[in-house]
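Counted from 1, the sequence shown has number 652 at position 652 by full-length UniProt numbering; the numbering is strictly sequential.
Yeah, the Cβ is synthetic: ideal placement off N, Cα and C, and Gly gets one too.
Bear in mind that the values here come from a model prediction, so they are computed numbers and not experimental data.
A short write-up of the structure that comes next.
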Amino acid sequence: MSDYLVIVESPAKAKTIGKYLGKKYAVKASMGHVIDLPKSQMGVDVEQDYSPKYITIRGKGPILKELKQAAKKAKRVYLAADPDREGEAIAWHLADSLNIDKDSECRVVFNEITKQAIKDSFKHPRTINTNLVDAQQARRVLDRLVGYNISPLLWKKVKKGLSAGRVQSVAVKMIIDRENEIKAFKPEEYWSIEASMAKDSQKFEAKFMTVDGKKTELKSQEDVERVLGRIEGDQFHIDQVKKKERKRNPVVPFITSSLQQEAARKLNFRAKKTMMLAQQLYEGIDLGKSGTVGLITYMRTDSTRLSDTAKNEAKEYIETHYGKEYHHTTEAKSKQGAKTQDAHEAVRPTSVMMDPKSMKPHLSRDQYRLYKLIWERMVASQMAPAVMDTMAVDLTNNGVMFRATGSKLKFPGFMKVYIEGNDDGKEEKDRLLPDLKEGEQVISEKIDPNQHFTQPPPRYTEARLVRTMEELGIGRPSTYAPTLDTVQRRGYVALEDKRFVPTELGGIVLELIEEFFPEILNVEFTAEMESDLDSIEDGEKKWVHIIDRFYKGFEKRLKTAEEEMKEVEIKDEPAGEDCEKCGHEMVFKMGRYGKFMACSNFPNCRNTKAIVKDIGVKCPKCSEGNVVERKSKKRRIFYGCDRYPECEFISWDKPISRPCPKCESLLVEKKSKKGVHVQCTECDYKEESN
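Encoded structure:
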């Protein structure tokens, strides 16, 4: 019989920790929460200081019974749930259920699952932090008061299955507001002028800057012609050459939000997938002879801090593998908010010495890719800045000035290991200029004016939405992934080309919430509420006071909404065709991901069809059907013949109507980081990107 019982959340975590603690410790998993608010009712007594009604979660009875039996036999019980509000709440509920004195030193926390970290944490157990528990309880109660009061209203007034959450509603509003900005956007014309210059046989590019030393806006072709009319001949005089050294500093290690953003950019991972993989890396990976080891520190954090041990280990690795000059002399700086919870470290490898190459045989492909990203980011944060030699050359002709810029990587520094991604996918490359000197003459071989139009703001990607929510103070590290998942499951938004678009249903629900519960959609209100939750955690405010202040106004709005909110009937629209199975009229219906076609004879006939878009191209396979745009189950756009299943033509790339001029085969549009280009599906014919 074991002397001590340790309770964690997951079997994987239990397995890893059990190997470190030895035979005297029995490590069991609670499988997450065992006690929670009931699903079938709100479970909050607003008349009794918002007292929550906790019950054993359905299906968790046997687990709780087993834990109670094990606790009775043990000399001492340690509660080792994750080191955050959620984990503290799990520990608090377990202590209550197992009759453990909450004032006893029964709580054990660790930021990484390594042998040393685990053994150190058990030397310093502490009492349960009731402030953390209160902060978590306040969030749960607040979300219940919002969700379990507004959702039934939406079921009654719109349709069943809808919900309205505090953070998710703001996320939907942000997506809809962006879509409205795009629709209202009016493009404005502007021009640029680029010149192809040459000195001897060396060519370089220059851009128009000023006329007679004054910045000149090019809003029309007439503006361009006035500038070009000033240029005399093809000789340009070099007025000024500026050479200087520019340093580029490394970025800080990952926090939860930056990890989700970078995994989306570089690995094409959804936020939910990133957190699932990070959880696996944190809880432990079987390394064969070395046993099961946690490869990264806790992945829910908003701190960029690194321990001295981690810094020293990184220094040793960098100096050994790259040289002393590659280790930094000053710390990479980060902009951390006033409420950053610095108790945790950044997301980092538990040991830099476990490099991705040596870990690869023990990891799945996606685990390896995420681990490599985390490892490289942390190592790069401890490396020296990159050094660029830059050159700016001003060239004039009759008062018209063009500027050529060039850069060359002088010392790679941190860039030898890692370069941060960006949303447009462009990478900084060397742009070399010839050896130019002041007073010299160069020849302009070609001057090209280019017409442009301003572009609307882009739709949100998952990465961009997470970053914006973080900047506005909406949600916290643990909430981003589930929030984005919920708004898609409810059918309020959909992903198209990896960008969020609102559905008609999302617009209807948002309009009702905006009319009757404007504070729920107020970004400042939501951010202030997050700040209040942090204050509860810090012991500065009482959770009941925060909830009461919110609920008094909310309750009045709720009564008004129940009386005045009108029912919204989402009518079926005729689709203009008959059902091929029973002959009744087909209609457009509203579903989770927007509209679809269904038979009006439902439920007698359950025929449904996706709404397809004819792109005006004859099917290249059967020559009888037309190519239509469809969507896969994962919402990815593809193209197929409208005679399917008779004709099985399919293409992920958009076909175009004209044939290949070289071999007469199908031409398609191919998307890449540089833009969209046209290429043949059979031969090597290709057209330049536009």
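Cα-Cα separation between residue i and residue j, rounded to whole angstroms
i, j, result
"arginine 140", "leucine 472", "21 Å"
"glutamine 367", "lysine 13", "17 Å"
"glycine 640", "methionine 174", "34 Å"
"threonine 292", "glycine 284", "6 Å"
"aspartate 342", "aspartate 302", "Residue confidence is low: aspartate 342 scores 44 on pLDDT, short of 50, so the model does not pin down where it sits. Its coordinate-derived value is still stated next. Looking at the two C-alpha atoms, the distance is approximately 7 Å."
"alanine 29", "arginine 76", "16 Å"
"isoleucine 474", "tyrosine 460", "16 Å"
"glycine 337", "arginine 305", "With a pLDDT of 46 at glycine 337, under the threshold of 50, the predicted position of this residue should be treated as unreliable, though the coordinate-derived value follows. Answer to the nearest angstrom: the Cα atoms are 13 Å apart."
"leucine 666", "aspartate 435", "47 Å"
"threonine 340", "aspartate 534", "For threonine 340, the pLDDT reaches just 43, beneath the cut-off of 50, and the residue's location in the model is therefore unreliable, although a value from the coordinates is still provided. In a straight line, the C-alpha of threonine 340 is about 9 Å away from that of aspartate 534."
"isoleucine 447", "valine 167", "52 Å"
"valine 146", "glutamate 519", "11 Å"
"glycine 506", "glycine 491", "7 Å"
"alanine 481", "lysine 541", "28 Å"
"glutamate 345", "aspartate 103", "27 Å"
"glutamate 577", "valine 501", "28 Å"
"glutamate 511", "glycine 87", "36 Å"
"threonine 454", "leucine 37", "51 Å"
"serine 623", "methionine 597", "26 Å"
"arginine 226", "glutamate 445", "20 Å"
"serine 672", "arginine 636", "16 Å"
"glutamate 569", "tyrosine 54", "37 Å"
"alanine 89", "aspartate 177", "36 Å"
"lysine 335", "threonine 483", "Caution is warranted here: a pLDDT of 49 is assigned to lysine 335, below 50, making its placement in the model unreliable, and the coordinate value is therefore given only provisionally. One C-alpha to the other measures close to 24 Å."
"arginine 658", "proline 620", "11 Å"
Start and end residues, beta strand (DSSP E) containing residue i
i, result
"glutamate 189", "189-199"
"histidine 452", "441-453"
"proline 502", "499-502"
"leucine 162", "That residue, leucine 162, is in no beta strand (DSSP E); it is neither H nor E in DSSP."
"proline 11", "Not the beta strand (DSSP E): proline 11 falls in the alpha helix (DSSP H), residues 11-21."
"valine 34", "Unbroken run through valine 34: none, as it is neither H nor E."
"isoleucine 637", "637-641"
"leucine 79", "76-79"
Endpoints, alpha helix (DSSP H) assigned at residue i
i, result
"phenylalanine 550", "543-564"
"phenylalanine 525", "523-537"
"isoleucine 150", "130-157"
"glutamine 41", "Premise fails: glutamine 41 is in no alpha helix (DSSP H) and is neither H nor E."
"arginine 58", "Unbroken run through arginine 58: none, as it is neither H nor E."
"isoleucine 222", "Isoleucine is not the amino acid found at residue 222; the sequence shown has glutamate there. It spans 221-230 - the alpha helix (DSSP H) in which glutamate 222 sits, taken as one unbroken run."
"glycine 87", "85-97"
"aspartate 355", "Looking at the DSSP string, aspartate 355 is not in any alpha helix (DSSP H), and its letter there is neither H nor E."
"serine 257", "256-267"
"valine 487", "480-489"
"serine 121", "115-123"
Cβ-Cβ distance between residue i and residue j below 8 Å
i, j, result
"valine 158", "valine 487", "no"
"glycine 616", "arginine 643", "no"
"methionine 354", "alanine 314", "no"
"glutamate 687", "valine 678", "yes"
"proline 152", "phenylalanine 110", "no"
"tryptophan 92", "valine 27", "no"
"threonine 297", "arginine 348", "yes"
"tyrosine 326", "lysine 416", "yes"
"proline 250", "serine 121", "no"
"cysteine 579", "asparagine 604", "no"
"valine 612", "glutamate 585", "no"
"tyrosine 685", "lysine 662", "yes"
"glutamate 438", "aspartate 234", "no"
"leucine 370", "leucine 281", "yes"
"glutamate 181", "proline 457", "yes"
"methionine 565", "phenylalanine 517", "no"
"serine 169", "leucine 521", "yes"
"asparagine 450", "tryptophan 191", "yes"
"tyrosine 78", "valine 6", "yes"
"lysine 595", "lysine 589", "yes"
Whole-number beta carbon distance between residue j and residue i, since they are thought to touch under 8 Å
i, j, result
"arginine 144", "proline 125", "No, arginine 144 and proline 125 are not in contact; Cβ-Cβ is about 32 Å, not under 8 Å."
"lysine 410", "valine 442", "About 25 Å; that fails the 8 Å criterion."
"glutamate 189", "serine 220", "6 Å"
"proline 52", "glycine 43", "6 Å"
"valine 8", "alanine 80", "5 Å"
"proline 655", "valine 676", "Wrong, their Cβ atoms sit about 13 Å apart, outside the cutoff."
"tyrosine 20", "lysine 115", "5 Å"
beta-carbon residue i near the ligand COA non-hydrogen atom, thresh 7 Å
i, result
"arginine 85", "With respect to the ligand COA, the structure shown offers nothing to examine, as it has no ligands at all."
Original post:
Any chance the region 401-416 sits against the region 201-210, with 3 or more Cβ pairs inside 8 Å?
Top reply: yes
Subject >> Cβ pair count under 8 Å reaching 3, the region 191-206 against the region 356-365 >> reply: no
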